[in-house]
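Numbering (the working numbering), first residue to last: 1 to 354. From the three backbone atoms N, C-alpha and C, an ideal C-beta is built for every residue, glycine too. Scroll down for the structure; my scribbles are underneath it.
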Ligand SMILES: Nc1nc2c(c(=O)[nH]1)N[C@H]1C(S)=C(S)[C@@H](COP(=O)(O)O)O[C@H]1N2
Ligand SMILES: [Mo]
């Protein structure tokens with residue numbers, strides 16, 4: 001793993017490790033933490049469902065598993081800081097990790113639909129947001145605060161949002177949220193709260209630092225250290241994005257046929273419709289083949305074999321989605337003080353020598 005920080009533990013897999021497989025093994029899946037990883041006793045752990053509900057619930061893991069139908073789906077998680085490194089080359093972003101495109105991984109998740117749990121609790125019509133609370137305390141919030149966030153009721157009652165206890169058919173590893181985490185497919189990874197302890201229905205979004213202050217797009221000249229709750233644009237669904245996974249930037253290759261592969265991913269209710277690769281900085285484009293996705297919430301790998309002549313080559317990639325939208329060309333157009341949601345064209349440079 002490429003480790004950005006040890007405490008808290010933040011690491012992304014090498015891109016070549018993401019290239020091979022549609023499902024990322026748990027020990028290869030990126031880790032994004034804002035505090036230390038809690039060690040919860042699964043026997044003592046309880047989930048509380050409260051707020052604007054008619055019947056507040058307190059459930060053990062066994063009760064949760066026994067009370068609701070089990071669901072498994074494949075979902076990609078993508079951190080809002082994915083590809084921040086591409087912003088930092090435009091303009092520095094002090095205090096934030098320089099994530100490459102590896103802050104994106106895909107697993108199969110097993111749990112219950114949050115929608116079923118909220119229905120059993122009797123979600124009231126005035127509820128507009130569902131907040132998630134976890135016990136891991138972060139120092140990043142100024143005054144230390146446990147991690148949390150929220151999603152809209154529309155998303156929370158969509159069947160794909162899971163409370164998951166298993167990842168790739170095995171018990172959820174501690175680092176990825178055991179005993180239970182939220183999995184919010186199609187939304188930024190920050191909303192898939194790990195070590196989940198409390199689900200609260202409320203009229204307003206969570207006032208947790210990581211919902212109200214962080215994970216928001218501030219104007220380019222704003223000072224992120226002075227951001228107040230509600231400043232900037234709150235992030236929810238993931239922007240259309242892609243990455244070149246092989247060859248790697250700076251690789252030395254032999255001239256001749258080379259397979260270029262990567263991932264493309266469109267959040268929420270959009271899907272990847274086409275994948276373009278350019279060998280001339282975007283003047284002309286070839287279409288890559290898209291692997292079939294593992295369901296509507298998974299990334300798609302893509303591949304194309306091109307003939308690279310001797311010399312330097314620049315490979316550029318961009319995706320299109322089912323709404324006809326494509327990615328912006330230049331990271332500078334998207335640069336923001338916290339470095340979120342870089343979905344500009346991806347580029348790698350390689351040199352071909354016999
Ligand atoms: N409790 C808790 N949940 C959390 C976080 C955290 O620090 N604490 N990080 C969030 C962020 S920003 C991301 S991108 C995903 C990463 O999940 P992973 O570490 O399993 O890849 O978890 C989210 N859930
Ligand atoms: Mo994230």
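- With a minimum length of 3 residues, the unbroken runs of beta strand (DSSP E) contained wholly in the segment 23-99 fall at 47-51, 57-59, 70-78.
- For residue 153, there is no enclosing beta strand (DSSP E); the residue is part of the alpha helix (DSSP H) that begins and ends at 153-156.
- Short of 6 angstroms from the beta carbon of residue 232, and not among the five residues preceding or following it, lie these beta carbons of its own chain, in chain order: 216, 217, 218.
- A residue is called buried when at least 16 other Cβ atoms come within 10 angstroms of its Cβ; residue 30 meets this threshold and is buried.
- Within the same chain, and ignoring the five residues on either side of residue 79 in sequence, the residues whose Cβ sits closer than 6 angstroms to its Cβ are 32, 103, 189.
- Not one heavy atom of ligand 2 lies closer than 7 angstroms to the C-beta of residue 93.
- Within 10 angstroms of the beta-carbon of residue 44 lie fewer than 16 other beta-carbons, which makes it exposed.
- Under the DSSP definition of a beta bridge, residue 149 partners with 132.
- Distances taken from the Cβ of residue 83 to the heavy atoms of ligand 2 include none shorter than 7 angstroms.
- Non-local beta-carbon contacts of residue 207 in its own chain, meaning distances under 8 angstroms to residues more than five positions away in sequence, involve 229 in chain order.
- For residue 209, the three-state secondary structure derived from DSSP is helix.
- Excluding the 5 residues flanking it on each side, residue 46 has same chain C-beta neighbours closer than 7 angstroms at 58, 59, 60, in chain order.
- The C-beta separation of residue 138 from residue 301 comes to about 33 angstroms, leaving the pair out of contact by the 8 angstroms criterion.
- Around residue 329, the same chain offers 282, 344, 345 as residues with beta carbons nearer than 7 angstroms, after the five sequence neighbours per side are excluded.
- Counted as a single uninterrupted DSSP element, the stretch harbouring residue 16 is not any beta strand (DSSP E) but the alpha helix (DSSP H) occupying residues 15-19.
- Residue side-chain check: residue 193 places its Cβ nearer than 7 angstroms to a non-hydrogen atom of ligand 1.
- Residue 119: member of the alpha helix (DSSP H) spanning 114-121, first to last residue.
- Looking only at 258, 158, 72, 22, the smallest Cα-Cα distance to residue 187 is reached by 158.
- Setting aside the 5 residues that flank it on each side, residue 323 is surrounded in the same chain by 270, each with a C-beta closer than 7 angstroms to its C-beta; the list follows chain order.
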